[in-house]
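Student: Please find one structure pasted underneath; my questions will follow.
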Amino acid sequence: MQAGLKAKLDKTPGANAWNHLAPLLGQDLVRDQSRLFLDNHWRSGSLTNLWRKLQADPAIREHYRERYGRIFDHFHDEPISDLPPESSAVFQEKFRQNDRDENYSRFDSGWERVSNEMVILSADPVAAKIKTLRDKHHAHLEMRKLDEEPGAFDINTLGLTFNEVLAFGDRCQAIVAELGLLLTGTSWDPQQYASVHEAQGKAMWKTLAGV
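Start counting the sequence shown at 357; every next residue gets the next number (our numbering).
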């Protein structure tokens, strides 16, 4: 694909635009990651802020735990056919409680997993780079002095790589997916979506490259 694109763009005005495309896309991704995962402003709906609010009162966790534990209760509302009502009620309650016990255990392990990941995230060096880039380049365009002349913050000093940014996004999406399951009972696999997006992206670039 790279060879095909190079052949199309080489020695054309479009080559300059292409050279700017990857850095601009990378900066957009970094800005969105900071906004979605790291922003700690009280009005933000970021992962970091949501988790902080969930820790405000132990009753919040217990509320979601109880709701998650009873998520399958409705499956055991109907009487069991061919059983007397008394026997059916006993088995219904037994099956209902078994599901609750499994769900409570799943919630506890998932909550602990998210809690551990959030501790790691709070001290993640890549997260620090992303926040710095957002604060000093996108949000405030911080200026520095260079030989007494003002100059923009040099983002190259961060040493932030595309691989770091992409891996960071994968880690955060996994946390969001787990927390979303615990809070809403909705399950989704980030990797499944990633594979679809990857296939679509490759198809687009192959078409543009003519390969």
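Don't be surprised by glycine CBs; every beta carbon is placed ideally from N, CA and C.
1. Looking at Leu385 and Phe393, is the spacing between their C-beta atoms short of 9 Å?
2. Measure the C-alpha to C-alpha separation of Gly525 and Pro414 and round it to an integer number of angstroms.
3. Could you give the distance in angstroms between the alpha-carbon of Leu564 and the alpha-carbon of Asp395?
4. Is the Cβ-Cβ distance between Val470 and Ile531 less than 9 Å?
5. Can you tell me the Cα-Cα spacing of Tyr460 and Leu514, whole angstroms?
6. Just checking: is the beta-carbon of Leu514 within a distance shorter than 9 Å of some beta-carbon in chain B?
7. Can you name the start and end residues of the alpha helix (DSSP H) that Gln389 belongs to?
8. Using 10 angstroms around the beta-carbon of Gly425, count the other beta-carbons present and answer buried if the total reaches 16, otherwise exposed.
9. My guess is that Gly541 and Ile427 are in contact by the Cβ rule of under 8 Å, so how many angstroms apart are they, rounded?
10. Is it the case that the Cβ atoms of Leu489 and Leu522 are separated by a distance below 9 Å?
11. Around the C-beta of Val620, are 16 or more other C-beta atoms found within 10 angstroms, so that it is buried, or is it exposed?
12. Quick check: what's the CA-CA separation for Leu361 versus Leu539?
13. Less than 9 Å between the C-beta atoms of Lys364 and Gly566, yes or no?
14. Using a 10 Å radius around the Cβ and a threshold of 16 neighbouring Cβ atoms, would you call Lys487 buried or exposed?
15. Just to check my reading of the structure: Glu520 and Val482 have Cβ atoms closer than 8 Å, yes? What is that Cβ distance to the nearest angstrom?
16. Less than 9 Å between the beta carbons of Gln354 and His493, yes or no?
17. Alpha carbons only, please: which of Leu477, Lys409, Glu468, Lys485 is nearest the one belonging to Ile511?
18. If we ignore side chains and look at the alpha-carbon of each, how far apart do Arg452 and Glu554 end up?
19. Would you mind working out which of Ala378, Leu406, Arg462 sits nearest Arg391, comparing C-alpha positions?
20. What is the rounded straight-line gap between the Cα of Glu473 and the Cα of Ser400?
Tutor: According to the structure data:
1. Translated into the one-based positions of the sequence shown, residue 393 becomes position 37. Translated into the one-based positions of the sequence shown, residue 385 becomes position 29. No Cβ-Cβ contact shorter than 9 Å links Phe393 with Leu385.
2. As a working note, residue 525 is residue 169 in the sequence shown. As a working note, residue 414 is residue 58 in the sequence shown. Approximately 29 Å between the Cα atoms of the pair.
3. Locating residue 564 in the sequence shown gives position 208, counting from the first residue. Locating residue 395 in the sequence shown gives position 39, counting from the first residue. Approximately 36 Å between the Cα atoms of the pair.
4. Here residue 470 is taken as the residue at index 114 of the sequence shown, counted from 1. Here residue 531 is taken as the residue at index 175 of the sequence shown, counted from 1. Yes, Cβ-Cβ distance for Val470 and Ile531 is below 9 Å.
5. Indexing the sequence shown from 1 puts residue 460 at position 104. Indexing the sequence shown from 1 puts residue 514 at position 158. If you take the alpha carbons of Tyr460 and Leu514, they lie about 43 Å apart.
6. Among the chains in the structure shown there is no chain B, since it carries only a single protein chain.
7. In the sequence shown, residue 389 corresponds to position 33, counting from 1. For Gln389, the enclosing alpha helix (DSSP H) starts and ends at 370-389.
8. Position 69 of the sequence shown holds residue 425. Under this definition Gly425 is a buried residue.
9. Taking the first residue of the sequence shown as 1, we reach residue 541 at position 185. Taking the first residue of the sequence shown as 1, we reach residue 427 at position 71. Contact annotation, Gly541 with Ile427: C-beta distance approximately 5 Å; criterion of less than 8 Å satisfied.
10. If you number the sequence shown from 1, residue 489 lands on position 133. If you number the sequence shown from 1, residue 522 lands on position 166. No. Outside cutoff.
11. Given a span of 357 to 567 for the chain in the structure shown, any question on residue 620 remains unanswerable.
12. By one-based count along the sequence shown, residue 361 stands at place 5. By one-based count along the sequence shown, residue 539 stands at place 183. Straight-line Cα distance between these residues: approximately 45 Å.
13. As a first step, residue 364 must be located in the sequence shown, where it is residue number 8. As a first step, residue 566 must be located in the sequence shown, where it is residue number 210. Contact flag set, yes.
14. Counting from 1 along the sequence shown, the entry for residue 487 is found at position 131. Looking at its Cβ environment, which holds 16 or more other Cβ atoms inside 10 Å, Lys487 is buried.
15. Position 164 of the sequence shown, counted from the first residue, corresponds to residue 520. Position 126 of the sequence shown, counted from the first residue, corresponds to residue 482. Contact annotation, Glu520 with Val482: C-beta distance approximately 5 Å; criterion of less than 8 Å satisfied.
16. Since the first residue shown for the chain is 357 and the last is 567, residue 354 is missing from the structure and cannot be characterised.
17. Working through the sequence shown from its first residue, we reach residue 511 at position 155. Here the closest residue by C-alpha is Lys485.
18. Here residue 452 refers to the residue found at position 96 of the sequence shown. Here residue 554 refers to the residue found at position 198 of the sequence shown. In a straight line, the C-alpha of Arg452 is about 41 Å away from that of Glu554.
19. For this step, residue 391 is matched to residue 35 along the sequence shown. Checking every option, the nearest Cα to that of Arg391 belongs to Leu406.
20. Start at 1 with the first residue of the sequence shown, and residue 473 comes out as number 117. Start at 1 with the first residue of the sequence shown, and residue 400 comes out as number 44. Just so you know, the alpha carbons of Glu473 and Ser400 end up roughly 20 Å apart.
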